[in-house]
Amino acid sequence: MSDAAPDARLLARVDVAPGLAFFRLGLSTPLEPREPGGPRFVPGQYITVGAIAPDESLVRRPLTLTDASADGLEVELLLNRVEGPATAHPLSHLLFTLAPGAPLFARPVATGRFTLPDTVGAWAGRVLLVASETGLAPFLAMARRAPQADLQRLTLLHAVDDAAHLAARAELEALGLDYRPWLLPEAGALDDVAEALAPTLAAPLSPEHTQVLACGLGAHLEAVTRALFPRGYVPAHRRLRKALGIPLEAPAALHLEQYDAARLFAHGLAIGPDGRVDSGGA
């Protein structure tokens, strides 16, 4: 049994579809900036949230925020109830059983570097955000906080296997960014990401014109990576670069959130003489 005292509570749950919902949490202590004098929350960051399981163990998990109040006392999450969980007490299952007011645990520090400043930095070109299912979370936060000038250079592709899972669709359509809902016919369809976008982009999908951020399930991130390697997209992920023999100094244009480095490709990849990625004929 955990001796920790609850320091958060569930304020509300707003269902999007069965097993998919926004959760609003109240914190006892305001979010602390990652760096002294910095903002309490930068879109793309996460906090660690916990709940007590039926066996009285404390289950914790890092969860990406979709929003945070100005005073840092309220945060929002987008979660799905995981099917076929890998653990006996997955946090998502516990949260879906709770009623408003239920005690929770939260570390009040927003952290993580899957943010626009930490990925594309001063890049002034287009930015493609590729989300699968609840991988929308960091991009929804980015869209909500972005100045209008930045919104106009963002393209958000939200891939889901059920149209009912297009969370915040009306809000995103109203914000003014280039929002593309995409209903996947099958899990591997993200391999077609470049082809799906090509007819409607003003310029070819290439590192010279567009930086890419992708967030979602490991299989979906792998599909996006496979699709973009032949177009010259080098991942920023250091372990992935090392495993694939890509020089660390090669400019990155593909930024992945929580990529599972164990899911690597069977074929070799290398940097060609022109600095672009050669897919080895695959």
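Counting from 7, one number per residue, gives the positions in the sequence shown under my numbering. Each residue gets a CB set at the ideal place from its N, CA and C atoms; glycine is no exception.
First and last residue of the uninterrupted beta strand (DSSP E) at residue i
i       : result
Val-218 : 216–221
Pro-187 : 184–189
His-99  : Here His-99 belongs to no beta strand (DSSP E); instead the alpha helix (DSSP H) covers 97–102.
Phe-29  : 26–33
Leu-300 : As displayed, the chain neither begins before 7 nor continues past 288, which places residue 300 out of reach and without an answer.
Glu-263 : 260–263
Arg-113 : 109–117
Leu-71  : 64–74
Leu-79  : Run containing Leu-79: none; DSSP gives neither H nor E here.
His-164 : 160–166
Buried or exposed (CB count within 10 angstroms, at least 16 for buried), residue i
i       : result
Thr-140 : buried
His-129 : Sequence check: residue 129 is Trp here, not His. Burial call: exposed.
Ala-220 : buried
Val-20  : exposed
Leu-189 : exposed
Thr-216 : buried
Arg-132 : buried
Ser-138 : buried
Ser-34  : exposed
Pro-241 : buried
Limits of the unbroken alpha helix (DSSP H) element including residue i
i       : result
Ala-155 : 154–157
Thr-231 : 224–234
Phe-145 : 143–151
is_contact[residue i, chain D] using C-beta, thresh 9 Å
i       : result
Glu-179 : No chain D is part of this structure, which consists of one protein chain only.
Three-state class that DSSP yields for residue i in the structure shown
i       : result
Ser-212 : coil
Leu-84  : strand
Ala-249 : helix
Pro-123 : helix
Gly-56  : strand
Ala-23  : strand
Ala-288 : Confidence is the limiting factor: at Ala-288 the pLDDT is only 33, short of 50, which leaves the residue's position unreliable, though a coordinate-based value still follows. In this structure, Ala-288 counts as coil in the three-state DSSP scheme.
Glu-255 : coil
Gly-274 : In this prediction, Gly-274 has a pLDDT of 45, which is less than 50 and means its spatial position is unreliable; nothing more can be read from the coordinates.
His-171 : helix
Ala-10  : coil
Glu-41  : coil
Ala-180 : helix
Arg-15  : strand
Contact belief for residue i with residue j at Cβ below 8 Å, rounded distance in angstroms
i       : j       : result
Leu-162 : Phe-111 : The pair is not a contact, with the Cβ atoms about 32 Å apart (cut-off 8 Å).
Arg-46  : Leu-37  : 4 Å
Arg-237 : Ser-212 : 6 Å
Leu-160 : Ala-173 : Actually they do not touch by this definition, with Cβ atoms about 17 Å apart.
Ala-108 : Arg-15  : 6 Å
Leu-181 : Leu-157 : 6 Å
Segment contact flag, the stretch 74–85 with the stretch 230–238, C-beta cutoff 8 Å, min 3 pairs:
no
message: Under 8 Å, with one C-beta from each stretch per pair, do the stretch 160–172 and the stretch 245–253 reach the 3-pair mark?
response: no
Closer than 8 Å is the cut-off here; do at least three beta carbon pairs connect the stretch 113–123 with the stretch 47–61?
yes
Practice item. Would you check if there are 3 or more beta carbon pairs closer than 8 Å linking the stretch 134–152 to the stretch 65–72? Key: yes
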